[in-house]
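Before any comments, here is the structure.
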Amino acid sequence: MATISNSFPSTRPRRFREYIFKAMSLGALVFVIGPSIWLIADVVVRAVPHWRWSVLTSVPLGVGGGLENAILGTLVIMVGVLLIAGTIGVLTGIHFAELQRPRRNGKAGGDFLRTATEVMAGFPSIVLGYVGYIALCVGLHWGFSLLPALIVLSIMVTPYIAKSTESALRQVPTNYREGAEALGMATGYALRKVVIKSALPGIVTGLLIALAIAVGETAPLLYTAGITNNLPSASLIHQPIAYLTYYVWTDYNQPIKATQYLSFDAALILIVLVLVLLVSSRLLVNRTQRYTEGRR
Amino acid sequence: MTLPQLGDPTRRPSGLRRVGSLVRGSEENLWRWGARVASLIPLVGLVFVLTVLAVKAWPAIKVNGPGFLSRTSWIPGSTYAAPVRTNGVLHPVGSSYGAWPLIAGTLQTSVIALIVALPIALGTAFALTERLPRWLSRPVSFFVEILAGIPSVIIGLWGVLTLGPFLAHHVYPFVANNMPDVPILRYFKGNVGYGEGLLTSGLVLGLMIVPIIASTARDLFMQVPLLPKEGAEALGMTESEVARWVTIPWVRSGIIGATVLGLGRALGEPIAVAMITGSILGTVSPNVYGTMTTIAATIVSQLDSAATDGTGFAISTLAEAGLVLAVISVIVNVLARVIVNRTSRHVAPVGRG
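Listed in order, the protein sequences are those of chains A and B. Quick note: the first sequence uses my numbering, first residue 299, plus one each step. Quick note: the second sequence uses my numbering, first residue 53, plus one each step.
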């Protein structure tokens with residue numbers, strides 16, 4: 299008995315360490331949840347007491363005014379990103395998951411493309427914005443306008459969409475593919491009617507998350523979209539377009555209270571918009587988890 | 053994981069007409085070529101961005117020389133006097149750019165962010181997978197993900213208006229007065245300023261990357277099979293020992309990969325840092341409270357005024373700074389990719405400023 303109890307570390311420090319571990323684990327949770335709630339509450343407290351519904355229906359004036367131009371501009375940018383990045387990202391994801399042929403040595407090919415996509419997913423946004431400004435706004439004489447902003451944002455969020463599309467497609471049960479093959483479907487037809495159809499909720503989730511990211515971006519837009527008090531126009535180039543994050547970024551330290559309030563209002567609208575996008579993406583995930591195999 | 057692929061030629065019965073093919077294989081070719089072209093776009097974009105940066109930075113590289121990485125001055129020069137030529141490049145008289153404060157600030161804030169974020173993220177992931185009941189853990193982990201999606205401009209707003217002043221009034225003075233005067237901890241002494249400095253930026257960046265690491269770590273922990281953990285407990289290990297000796301080693305590469313991804317995010321964040329530090333150029337902070345700037349924050353706050361330099365030299369210098377950041381970021385991301393052999397399936401909504 300003596301030898302055993304000597305060769306083991308004694309119980310009390312181990313039990314003590316266990317308490318410390320559990321306390322720190324829950325403490326860490328508090329350190330994440332606490333500041334997050336503080337952050338959201340802070341924006342709400344700053345914005346709500348001065349909230350006017352006319353913010354939604356008027357454009358910024360010299361002093362005060364509203365954010366209609368920025369709200370509509372952000373929505374236009376969302377639609378544009380959905381079209382450009384959505385198409386490219388979903389097709390890229392399909393390429394990685396379905397169509398890419400394995401290499402001779404049996405490994406999944408396309409490592410180079412995949413690495414490039416992942417590097418793009420972590421590329422500094424301001425550098426993308428800078429290049430958009432230099433190459434598109436100045437180089438191609440497009441000026442501050444919608445198209446360069448859309449291109450830069452799309453390049454930014456495409457990797458997210460590609461990754462979520464790929465993982466959604468990989469969760470489609472193999473039986474479905476085999477069944478489609480056994481029924482004699484043409485490959486493209488089977489891809490569209492069976493594989494993509496059953497992966498659709500996952501793909502849409504990725505699109506919603508990408509939109510939430512695009513809505514919250516400032517740095518890529520500052521020097522590509524410009525800013526204007528006008529409502530969005532139909533022209534893709536030569537006309538600047540307003541967006542919500544700009545007002546948070548510039549107006550919070552202006553000397554006039556009414557202008558500061560505009561900044562807080564923009565922050566509140568942004569948070570609501572992002573929450574709506576993320577919550578709906580989660581609801582979609584919960585719905586689909588019932589029908590796919592292999593997740594959790 | 054490689055699934056059997058659609059249209060695998062070895063599995064296709066020959067000579068049969070297939071459902072849904074008006075012209076044989078036409079739709080397949082459409083998908084195939086569309087997907088092939090689309091998947092090239094991120095690569096083309098990356099090459100394009102790096103090329104534009106390099107071309108634009110080249111004049112600045114010629115004038116600034118290797119000293120750009122070590123100098124601490126950031127002097128645009130006189131825009132009134134006639135510009136002069138160095139190495140064939142036109143630039144304003146007296147301009148002298150050095151990016152050391154930017155590089156130092158970038159590394160300092162990112163290291164602080166990592167030191168803060170890694171233990172908190174791992175603790176959170178453990179709390180979510182092991183400690184909380186399931187009905188609580190699901191909404192809480194969703195909340196953590198939402199945090200990842202909050203726009204950085206809003207986190208910056210909170211950091212500069214609320215968190216910074218709060219820390220400067222209630223926390224930093226206490227820390228600064230009670231810190232012993234020994235190496236490393238000495239940086240915590242001195243003037244605490246107004247909360248618009250290095251430590252506040254680092255803490256806010258830490259808060260921004262916690263969700264990235266935490267949600268990946270949570271996914272990874274859930275992938276650890278139950279049997280080894282039960283075995284370890286049967287051997288008499290406590291929960292913390294199971295975590296230390298079984299769970300974390302099991303998914304170590306994934307956690308390192310997520311951490312490096314978080315690091316990449318912290319290195320490249322422009323908006324929150326620019327709002328919090330006020331982008332003081334040309335200084336390396338003497339203690340952890342001092343004002344400073346990072347590469348990304350400098351680009352975002354200086355591009356406006358750089359455009360007033362008629363010779364274009366200031367713009368070019370910013371491209372050089374951007375190139376430094378891009379190279380660091382590409383290295384970090386490729387490193388993460390090399391390390392992570394098991395990536396998380398989960399896509400967290402991670403904005404980048």
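For each residue, glycine too, the CB sits at the ideal point set by N, CA and C.
Query                                                                                                                       : Result
Beta-carbon proximity of V227 of chain B to F218 of chain B, cut-off 7 Å                                                    : no
Extent of the continuous alpha helix (DSSP H) run through T413 of chain A                                                   : 409–419
Beta carbon proximity, S271 of chain A to chain B, threshold 7 Å                                                            : Nothing about residue 271 of chain A can be read from this structure; chain A reaches only from 299 to 594.
First and last residue of the uninterrupted alpha helix (DSSP H) at V325 of chain B                                         : 323–329
Neighbour flag for R585 of chain A against chain B, beta carbons, 7 Å                                                       : no
C-alpha distance - L159 of chain B paired with L95 of chain B, whole-angstrom precision                                     : 27 Å
Opposing strand residues paired with I494 of chain A [DSSP bridges]                                                         : BP columns for I494 of chain A are empty, so no partner.
Same chain, Cβ closer than 6 Å to E316 of chain A, five either side skipped, listed in chain order                          : none
Cβ-based burial, F329 of chain A [other Cβ within 10 Å; buried from 16]                                                     : buried
Sub-7 Å separation of Y149 of chain B and T369 of chain B beta-carbons                                                      : yes
Closer than 9 Å at the beta carbon, the chain A residues around L251 of chain B                                             : Residues of chain A passing the Cβ test: none, with the nearest at roughly 15 Å.
Chain A contact residues for T138 of chain B, given Cβ-Cβ distances below 9 Å                                               : Result: empty, since nearest Cβ-Cβ is about 22 Å, beyond 9 Å.
Buried versus exposed call for P235 of chain B [16 or more other C-beta atoms within 10 Å across all chains shown]          : exposed
Nearest residue (CA-CA) to V196 of chain B, options A:V577, A:L582, A:R585                                                  : A:V577
Close-in-space but distant-in-sequence residues of the same chain around S305 of chain A (CB under 6 Å, 5 per side omitted) : Low local confidence applies: a pLDDT of 48 at S305 of chain A is under 50, so the model's placement there is unreliable, with the coordinate-based value given in what follows. So the list is empty, once near-sequence residues are dropped.
Presumed contact (8 Å Cβ cut-off) between A368 of chain A and A540 of chain A, rounded CB distance                          : 4 Å
Below-7 Å beta-carbon distance, S323 of chain A vs any chain B residue                                                      : yes
Nearest-angstrom Cα separation, counted from W351 of chain A out to R312 of chain A                                         : 59 Å
DSSP beta-bridge partners of W126 of chain B                                                                                : B:Y149
CB contact below 7 Å: V276 of chain B versus chain A                                                                        : no
The alpha helix (DSSP H) enclosing V374 of chain A, as first and last residue numbers                                       : 366–392
Span of the alpha helix (DSSP H) around V101 of chain B                                                                     : 78–116
Cβ neighbours of A335 of chain A in the same chain (closer than 7 Å, five flanking residues each side left out)             : Rather than Ala, the amino acid found at residue 335 of chain A in this sequence is Ile. The answer is none, since no qualifying residue turns up.
Any non-hydrogen atom of the ligand GTP within 6 Å of E372 of chain B CB                                                    : As presented, the structure is devoid of all ligands, the ligand GTP included, so that no description of it is given.
Any C-beta of chain A under 7 Å from that of E80 of chain B                                                                 : yes
Backbone CA spacing between S204 of chain B and A324 of chain B [nearest angstrom]                                          : 6 Å
Within-7 Å CB hit, N385 of chain B to chain A                                                                               : yes
Contacts that L213 of chain B makes with chain A (C-beta to C-beta distance below 7 Å)                                      : Y550
Any chain A beta carbon closer than 7 Å to W83 of chain B                                                                   : yes
CB contact below 7 Å: L498 of chain A versus chain B                                                                        : no
Cα-Cα separation, A480 of chain A to R490 of chain A                                                                        : 16 Å
Simplified DSSP state of L359 of chain A, which is helix, strand or coil                                                    : coil
Buried or exposed by the 16-neighbour rule on C-beta atoms within 10 Å, applied to L281 of chain B                          : According to the sequence as given, residue 281 of chain B is Lys; it is not Leu. Answer is buried; the Cβ neighbour count reaches 16.
Secondary structure of R64 of chain B, DSSP reduced to three states                                                         : Because R64 of chain B carries a pLDDT of 49, less than 50, the predicted location of this residue cannot be relied on, and no value is offered for it.
Opening and closing residue of the beta strand (DSSP E) in which V136 of chain B lies                                       : 136–138
Interfacial residues, the region 255–268 of chain B to chain A, with Cβ spacing under 8 Å                                   : L259, V262, P263, A266
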